[in-house]
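Here is the structure we will look at.
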Amino acid sequence: MSTSNDGVENRPIDYILSPCALAAQGLSVLIEHEGAATAHVILPEELDAEFFASSSPESQKKRVIVFLPNDPLHLLASLRHVAAILNYGTTPLPLVIFSQCPSLWLWETLRRLVESRRSLSRIKAARSNLSCAQLAGILRHDESKPLSLEQQSLEEKHRQGKRYDGLTKRELDVVLGLFHGHSAIALARQQGVSIKTLYNQRISGLKKMVVPFPNIALQLPGTQQKWLTEKTALLSAREQEFLLALHHHQVLPVFQPVVNSKKQLQGVEILVHWYRNGKYLQPEAFLPQLKSHSVCLSLTAFMLREAISGINRFEGKFYFAINIPPCVIANGKLLHMLHTARRQLKHPRWITRLVLEFTKPEASPYSASQLTHIAQFVREGFHVLLDHRVTKSRDMSSFKPTPSSGYILSPPTVIAAQSSQHEQDFIQDLLCYCRSTKSACVAKGVNSLETLRLLEKIGVRSFQGQYISQPLREYELDKFTRHFYYV
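Residues in the sequence shown are numbered from 1 upward in steps of one, following full-length UniProt numbering.
Below, the structure written as structure tokens:
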């Protein structure tokens, strides 16, 4: 029988490499608290890359935890240490990188710094600004969490449609020399290249850093501010701020339930709140200001991830709906994102639990191109809810057969129905149309018992609104589902 000391000695060892002593200490405490491994902090100046090259059984227990700070000098210096460790290894070494670097840029840079592609096969990455509970979950020795850096980079490439060029070894060395304050003449002499060659390498290296890191571009010397301005000129100040908040996990998902007349849970719509300046902003306070295609695609990708995570978590028991901004409907990247989302489901049949909502604030029809893309989504097995306001008029004669899985009654229509017989007649006509096409119809904006009873009398069977439930945080959704039956 093993003693407790034997158990400690047999635990895996996590070697923490961080230029920040506080970050290293925090990671060490989390690792030791989990009890799954023993933590050892390695100071950058004490790093011996050959130590990790052994392929003995004892070395198989090693894992390297790396913290990359936002400071460009220490970021690049740490990446050089990581490359040295991986280049010395004879077998792929488990390595987890915590940073705020875009996954695609990080992957492309390491791919250029590490000699063997095989050495990169066990690298995982996660955001460094997660909560302690999330960090602890990632630090557990679970091969399934988080995703590999390569897989994350591929998903980021498909999701955002961006392409980052990674730094080469020569560019990294030259830029590091610049940050250390070494003169161009001394560096050129040391590396055996001309001044012109060194300047070209410096410029290309800095350009590769400015594009993925606009938040650290202000720390770069010289003309980099011009490049930053050019790259962000097409985004408003509000959009730039929102993108940064999205990357820093300050945009949070909330879930508003959809139930039937028996209060059985049919699904939830995912909404977003923005935690800004100590307050949570409601969607109507910022979504109308997001008009850039790239920003809307990033938001859609975020909501897709939350939807797939929820479907898997609740094992497909109810649907998760997300709103698709009109400006990205005809964007080919959206279909790629949907295909990626489908592959992430634990069971293919759960694709019916992903619902795409298409709504427009103005009462105008979708273009022919947009309707063509919506039809394609349905043909490929995605469920769609289409806002009835996209029709040209309130007469059913204006309804053209659209390839959708259902319709949404907008809050203005639901409110107007309480005092307008014309609106009630319109809803009844729409319900008749939905029954004939075997389509669903969801009423939004159900904010009182009187509204609920009126809609039930008319024939509506799916309801969403403040009377049913306010938008819920993730932990509140767990509690909500325990008190409601599933359909």
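Just so it is clear, CB atoms sit at the ideal spot from N, CA and C, and this is done for glycine as well.
Its Cα nearest to that of S128, the residue C101 stands out among C101, L120, W107, R122.
Counting along the chain, C432 sits inside the alpha helix (DSSP H) bounded by residues 421 to 436. Here the C-alpha atom of L17 lies approximately 17 Å from the C-alpha atom of L106. For R80, the three-state secondary structure derived from DSSP is helix.
For G316, same chain residues with a beta-carbon under 6 Å away, outside a window of 5 residues either side, are W350, R353 in chain order.
Per DSSP, reduced to three states, the secondary structure at G205 is helical.
Across the set I42, I408, L452, the C-alpha of I42 shows the shortest separation from the C-alpha of D14.
Beta-bridge partners assigned by DSSP to P257: V268. Distance between C441 and K262, taken at the CA atoms: about 16 Å. Annotated as proximal: F480 and P257, with beta-carbon spacing under 9 Å.
Proximity to H273 across R202, G177, L281 peaks at L281, based on C-alpha coordinates. Judged by beta-carbon spacing, I85 lies within the 9 Å limit of L93, meaning their Cβ atoms are closer than that value.
When the beta-carbon positions are compared, L95 and V64 come within less than 9 Å of each other.
In this structure the stretch 409 to 418 does not touch the stretch 466 to 476; the number of beta carbon pairs closer than 8 Å is below three. Excluding its 5 nearest sequence neighbours in each direction, S204 has C-beta neighbours in its own chain below 7 Å: E171, listed in chain order.
Comparing C-alpha distances from G381 to each of H373, H388, H422 shows the shortest one belongs to H373.
About 6 Å separates the CB atoms of R111 and G166; that is less than 8 Å, so the two are in contact. Taken in chain order, the complete alpha helix (DSSP H) segments of 4 or more residues contained in the stretch 77 to 147 are 103 to 113, 132 to 139. For S99, the number of other beta carbons within 10 angstroms of its own is at least 16, and it is reported as buried.
Fully enclosed beta strand (DSSP E) runs of no fewer than 3 residues occupy 319 to 323 of the stretch 301 to 330, in order along the chain. A direct Cα-to-Cα measurement between K444 and G137 gives close to 37 Å. Taking the CA atoms as reference points, C132 sits about 9 Å from L27. Within the same chain, and ignoring the five residues on either side of G459 in sequence, the residues whose Cβ sits closer than 7 Å to its Cβ are Q428, L431.
DSSP places F67 inside the beta strand (DSSP E), whose first and last residues are 62 to 67.
In the three-state reduction of the DSSP assignment, T359 falls in the coil class.
Between S462 and Q266 the beta-carbon gap is near 6 Å, inside 8 Å, which marks them as a contact.
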